[in-house]
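2 protein chains.
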Amino acid sequence: MFALGNGYIGMRGTHEDMSGEPGSTLEGTYLNGFHETEAIHYPENAYGLARINEFMLNVPNAKCMAVSVDGQRVGLESARIVSYERSLDFRQGVLVRTVEWELDGGKRVRIESRRLVCFGRKHVAAIEYRVTALNFGAALRIEASIDSAVTNMQAGDDPRVGSAITGPALLDDGRETTGRGVIVTQRTRNSGFLLGTGIACAASGVAAITASDCADGRAFEATLAQGETLTVHKYIAYVSSRDVAREEVAPLVRSELDRAVQDGFAALAAEQQAYLADFWAQADVEIEGDDALQQGVRFNQYHLLQSVGRDGKTNIAAKGVTGEGYEGHYFWDTEIYVFPFFLFSKPEIARSLLQYRYAGLPKARERARQMSHTRGALYPWRTIAGEECSAYYPAGTAQYHINADVAYSIRLYLMATGDFDFIAEYGAEIVLETARIWTGIGSYDREGCFCINAVTGPDEYTAVVNNNYYTNAMACMHMAFAASIADRLRSERPEDWKRVAAAIGLDDAEIAAWRAACADMRLPYDEALGIHEQDDSFLSKKPWDFANTPAENYPLLLHYHPLVIYRHQVCKQADVVLALLLLSDEFQIDDKRRDFDFYEKVTTHDSSLSSCIFSIIAAEVGYADKAYQYFLETARLDLDNTHANTQYGVHTAAMAGTWLGVAYGFAGMRLTGGGLRFAPTLPAKWQRYAFRVHVHGGLLEVTVDAGATGYRLLNGEALAFTHHGAPVALSQAEPFKRMESQ
Amino acid sequence: MFALGNGYIGMRGTHEDMSGEPGSTLEGTYLNGFHETEAIHYPENAYGLARINEFMLNVPNAKCMAVSVDGQRVGLESARIVSYERSLDFRQGVLVRTVEWELDGGKRVRIESRRLVCFGRKHVAAIEYRVTALNFGAALRIEASIDSAVTNMQAGDDPRVGSAITGPALLDDGRETTGRGVIVTQRTRNSGFLLGTGIACAASGVAAITASDCADGRAFEATLAQGETLTVHKYIAYVSSRDVAREEVAPLVRSELDRAVQDGFAALAAEQQAYLADFWAQADVEIEGDDALQQGVRFNQYHLLQSVGRDGKTNIAAKGVTGEGYEGHYFWDTEIYVFPFFLFSKPEIARSLLQYRYAGLPKARERARQMSHTRGALYPWRTIAGEECSAYYPAGTAQYHINADVAYSIRLYLMATGDFDFIAEYGAEIVLETARIWTGIGSYDREGCFCINAVTGPDEYTAVVNNNYYTNAMACMHMAFAASIADRLRSERPEDWKRVAAAIGLDDAEIAAWRAACADMRLPYDEALGIHEQDDSFLSKKPWDFANTPAENYPLLLHYHPLVIYRHQVCKQADVVLALLLLSDEFQIDDKRRDFDFYEKVTTHDSSLSSCIFSIIAAEVGYADKAYQYFLETARLDLDNTHANTQYGVHTAAMAGTWLGVAYGFAGMRLTGGGLRFAPTLPAKWQRYAFRVHVHGGLLEVTVDAGATGYRLLNGEALAFTHHGAPVALSQAEPFKRMESQ
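The listed protein sequences derive, respectively, from chains A and B.
For the first sequence, the numbering used here gives the first residue as 96, with consecutive numbering after it.
For the second sequence, the numbering used here gives the first residue as 96, with consecutive numbering after it.
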């Protein structure tokens, strides 16, 4: 919950001074993209299975502090806690903790720590650590060190947690004491990375302080009078050879520490505040009428900002940089859940997420060849550096929709920003290469329908099926978008077109084949029920016996063999219902309602990706209570630990889904080929809510209250959209309009 | 090729005296049913996956012999082979080998070995080893020993070969020298078995022989004059605690060795001959006109006899006891391929195979619970001692048809033998318990059809599909048979009925549900093509591009990701075509021909279980040339190593398929509810063929030549059947009839 991060460094919310104490929770420090690799061993092998796992490593814990009073360690073994408080102000970005200890014998100390991971300095974190002698005068010793003997969690029965390695993964490669701390260098066994972890420490507050080296750190001793405070500032830097050349790792640790020491803790805290002020000015969502939800929404936004990689080489893991669930892998969660949040709140980060995918194209091409596709690129279902890491292909590699999801995010990026330069330079190649997979995997059946067989859609309780509606519909969108990109490039930027087409060997016949496949795409629809079928066979399966499934048997995946789940009509998460959102214009509202009604009954929401989507569609089809209920489940999922696994890391997709729930859900925002539109409703419990979106070059603030919706152009030239179907135009001359509620 | 076995001991055909020589092939000695267990580790776990692998261990090599002349070892390092011959006469059951060596320096010795694994003595094997000084007189030393430092093959890329353990699997538990040899006791690490391996040796042939102990064996030394022969007899016994109590292992080794020594090699060879004379009198297939095929057929029959367990605790592994392919696992191969051969050739062995399944019922019940079936039993797809060992469930646990296959074999047993006592005592409980799975897994669709979803049929290139024709049709047969068994028990043996029904909690409603499911079973049929669909979606898939698949890309499973294979119309093996055989009466001949025509085009026969079935149906539908061609592929599969993997063990199912190809194929034999029938044809190349079948209490000889078919009742009271539809009745009064060919 109190994990800190800056999109690169992630520090779990554990205490500086209680590592290894009885009852202490999992320590963890992670660096986005920094990973080890290990061969995947299958008990029964098959051709083309993912061979190499990339997984996030737990890196040295550089926040360790240890306090002694007259030689007596302050900790649970010989002291008790008198008072305790922690807080994290999302405007400050500093984790504040105050503890009062009473030691055996009665001496009382107060420890105040302030910790930050610098948003503005990728490699740097810092701690201000203040110890006050409350009722005594005595010798105080504070050790500030690095614990480099860390290990990763072990995989157990839950497939969502843990890695295959045991014991320390980082091999020592040298350590250097600097006179104010230490720099530890380590290397990974297989992935060949070098990692530098450094600390630089200084103490102040009393006259006579003795400083000396201690094991992997620096110790400060002073004799405190009653009421006096000894303060230690500890600056931390992590650099790996994934960021810079190997020989620059240690120098960069040193220079980042130098700069931090020179600037001082107060300057870092001020930078932090400035960064966040800018962020909230663009991204803040306000909710009046439900403080718990307000907290949940901002908590989630804050964690997204902390978790997302923004250097074009990293992405956002399912658990951000907060825990080892899913081994630090990136999934489609990025494109379908997280990307829109950043696109509309902090577009430069959205762009860097797309650049990450561009960087992954060569690996995706390799993977396509392994999967017997002679052309095109197939993105990995889960990965860090681009390798397909899914060791259970039915809910991994089989999810070919990842290609369409990436293309969808590029399409949305183009619609929101109009940035065709990006398309010409990066996006087109991604979209075109990944579109080719559909004519590779698909085929025409005897009725002349274009079918996509043996794939898995978003719903992982139904695997390796034919004509998954979501996949087929998204493939249509993808191929049509690819064809339109090709047309536009050809006419607007013939040089770029020539370059891209030549680079990937694309010809007109292939583009024509995409258009034909789109036109003939099989999109399963059941006339009798008037609903879209999740796949060719979903409706023929036996409905799951929910009435006789005890609560403790959820999530089903931990209690039933995959075959048992697969042969039933039961969904882990939104599948058709997600298509209703992403391809919103292709459905009538009655279709959406029938689909929602049907799929709601068979969905367990065992995936944290589900409730937010159901909330949005419920809002759209007029189920205000359900929309609110599903939103509640999403918005405080981690704060209330409703999935009982937040200890393995936060759920970044659900966090982004919360923002989607406000903008797409309650405010009915859609950005489609038909333009931008809103259809705001106000949840009964709320008095007012407001959010902001970057779109079409402007920053728009939307404020909804009981009577009306206010639209204000905060910057930008002009903006046009619809409000419940009625056209609205804002401009610098007329930057605000208030529209009556429906 | 020269492996020996007796259904318990299996010795690969490696030489006694060349273990470890350069270029020597895999040494291996196996004991049917003797296995180690090891946890199966999945890179991504799921509920209910098979947890424990049982795998056959390579046990100590007790056939080792080493010869030295004047201290010079006779072997490839310091000698060359002058002449060499090996032979195995299937009437003798003794592997004979003669080698003449010329040592460096010019001395020549002849080594003649005769080796047998006693058919009549489960635990015993023996070697007669004769060394003759051809052109010299000199000191000769022969060491007869046990090599107990053996290991299993390692698993590699081919999923069909090797195990997960590395290094020696057997831990030493003691060794005892007996004055004529040694008894080595070892134990397994996990499965907790004790193994005793013993040898007892004696030498003869020259006057002065010095005997002494040597490392793990016994050494004999003598000075030979030119032309003299030193003979060593080595008796071997293997006993494990899977056969007897732990404390009886070593005593039984000792007493079996005692008895063998006392009886002597000649007596063992005579026993062997008598056993085989009896076997061939019942089982021999004669073919005139194709010596290579004649050899293939008998080779296969002989290997089946060598491979099959017959103690009710063991079964027949995919590779018999000849190699480590498929880790010594038993599959459905037993019931569908091997069982009919023994049923008609040596019915007491067939019965013991069914008893093995009866012994496995408790484990099969456990497995059914793990698979969320509240009632019934689900047999493991692959196993040794009853545990589900399939580590890739789509081509393992998903093959629910295993239950119907077992029931089918019991039904065939009852039809052939009329042995209802066996049904009452064992068979009914198997059939009823396994039938319950179908109403557990199946469900009614919206059209009121009973569907079986998410299973895999025999064809492993199509996995986890809905309404696999074979599975559904066999489930029908199974449930109908179960209901009829229940009826018959109830009326003929009310006490047995009460006992069985009470033991498993079976009531009339459940039996009624079976009958209803049968009546409503979905059996996919395509009206346009007039063929049975392999499953609901098979015909909608893209046909495999055979034209552009190079020969080296077969078997496909080693060159394409499962998803690539699964999404195409391509079969590894007979699936619908197998149903045409097993449920013969349910199809018209035109149906069979159309099905054959269609499925032949899409089948790779990458499985060795395929060609024999295609041969049989080809014969039935009048494709004589194809029948012969497929028969050729089956009959000499191992002799000619056509699948390029005979080194990992023989293909017992294909071997039995050869017999099926003669009886079911060319002779058109069927035993169904409609009775016994023949419809013999004579392959163009043959002058004559003959085979024998135990059926209805008699032993019938069928002889087919160009003009007619002769039916002779060799023993039994009377027998009635049809010949090309015409009734034939044999009796003691009239034991022979000759029927004109069609």
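Ideal Cβ placement from N, Cα and C applies to all residues, glycine included.
None of these values were measured; they are calculated from a predicted model.
Per-residue contacts from residue i into chain B (C-beta, under 7 Å)
i	result
residue 540 (chain A)	635
residue 471 (chain A)	The contacting residues do not exist; residue 471 (chain A) stays about 14 Å from chain B at best.
residue 142 (chain A)	652, 653, 654, 655 and 656
residue 546 (chain A)	635
Of the listed residues the options, nearest to residue i (C-alpha basis)
i	options	result
residue 189 (chain B)	B:244, B:363, B:113 and B:453	B:363
residue 417 (chain B)	B:383, B:760 and B:96	B:96
residue 675 (chain A)	A:654, A:626, A:633 and A:750	A:626
residue 539 (chain A)	A:619, A:615, A:133 and A:194	A:615
residue 786 (chain B)	B:759, B:770, B:811 and B:771	B:759
residue 334 (chain A)	A:724, A:128, A:436 and A:397	A:128
residue 836 (chain B)	B:801, B:610 and B:750	B:801
residue 205 (chain B)	B:484, B:184 and B:228	B:228
residue 726 (chain B)	B:717, B:713 and B:633	B:713
residue 247 (chain A)	A:192, A:408, A:156 and A:772	A:156
residue 420 (chain B)	B:743, B:575, B:757 and B:817	B:743
residue 667 (chain B)	B:768, B:709 and B:378	B:709
Within chain A, partners of residue i - CB distance below 7 Å
i	result
residue 661 (chain B)	549 and 559
residue 631 (chain B)	632
Three-state secondary structure (DSSP) of residue i
i	result
residue 462 (chain B)	helix
residue 373 (chain B)	helix
residue 394 (chain A)	helix
residue 508 (chain A)	helix
residue 196 (chain B)	strand
residue 503 (chain A)	helix
residue 707 (chain A)	helix
residue 596 (chain A)	helix
residue 414 (chain B)	coil
residue 498 (chain A)	helix
residue 217 (chain A)	coil
Cβ neighbours of residue i in the same chain (closer than 7 Å, five flanking residues each side left out)
i	result
residue 490 (chain A)	551, 555 and 558
residue 678 (chain A)	568 and 572
Beta-carbon neighbours of residue i, restricted to chain B and to distances below 9 Å
i	result
residue 618 (chain A)	What residue 618 (chain A) touches in chain B: nothing, since even the nearest Cβ is about 15 Å away.
residue 259 (chain A)	136 and 138
8 Å Cβ cut-off: residues of chain B touching residue i
i	result
residue 467 (chain A)	655, 656 and 659
residue 536 (chain A)	662
Own chain partners of residue i with C-beta closer than 6 Å, once the 5 adjacent residues on each side are dropped
i	result
residue 460 (chain A)	472
residue 831 (chain A)	807
residue 351 (chain B)	218, 219 and 332
Same chain only: Cβ atoms within 8 Å of residue i, ignoring 5 sequence neighbours per side
i	result
residue 810 (chain A)	793 and 794
residue 486 (chain B)	135, 137, 144, 145 and 148
residue 803 (chain A)	833, 834, 835 and 836
Residue i Cβ short of 7 Å to the ligand ADP heavy atom set
i	result
residue 142 (chain A)	The ligand ADP is absent from the structure shown, which contains no ligand whatsoever.
Where residue i meets chain A, residues with beta-carbon distance less than 8 Å
i	result
residue 161 (chain B)	Within chain A, no residue comes near residue 161 (chain B); the closest Cβ sits about 38 Å away, beyond 8 Å.
residue 488 (chain B)	656, 657 and 658
What residue ranges within the segment 523 to 577 of chain A form continuous alpha helix (DSSP H) runs of no fewer than 4 residues, ordered along the chain?
For secondary structure counted as the alpha helix (DSSP H) over 4 or more consecutive residues, the segment 523 to 577 of chain A holds these complete runs in sequence order: 523 to 536.
My parser needs the alpha helix (DSSP H) runs of 4 or more residues fully inside the segment 624 to 661 of chain B; what are they?
If only uninterrupted alpha helix (DSSP H) runs of at least 4 residues are considered, those enclosed by the segment 624 to 661 of chain B are 657 to 661.
Can you check the segment 724 to 782 of chain B for any alpha helix (DSSP H) of at least 4 residues that lies completely inside it and give the ranges in chain order?
As for any alpha helix (DSSP H) of minimum length 4 sitting wholly inside the segment 724 to 782 of chain B, the runs are 747 to 755, ordered along the chain.
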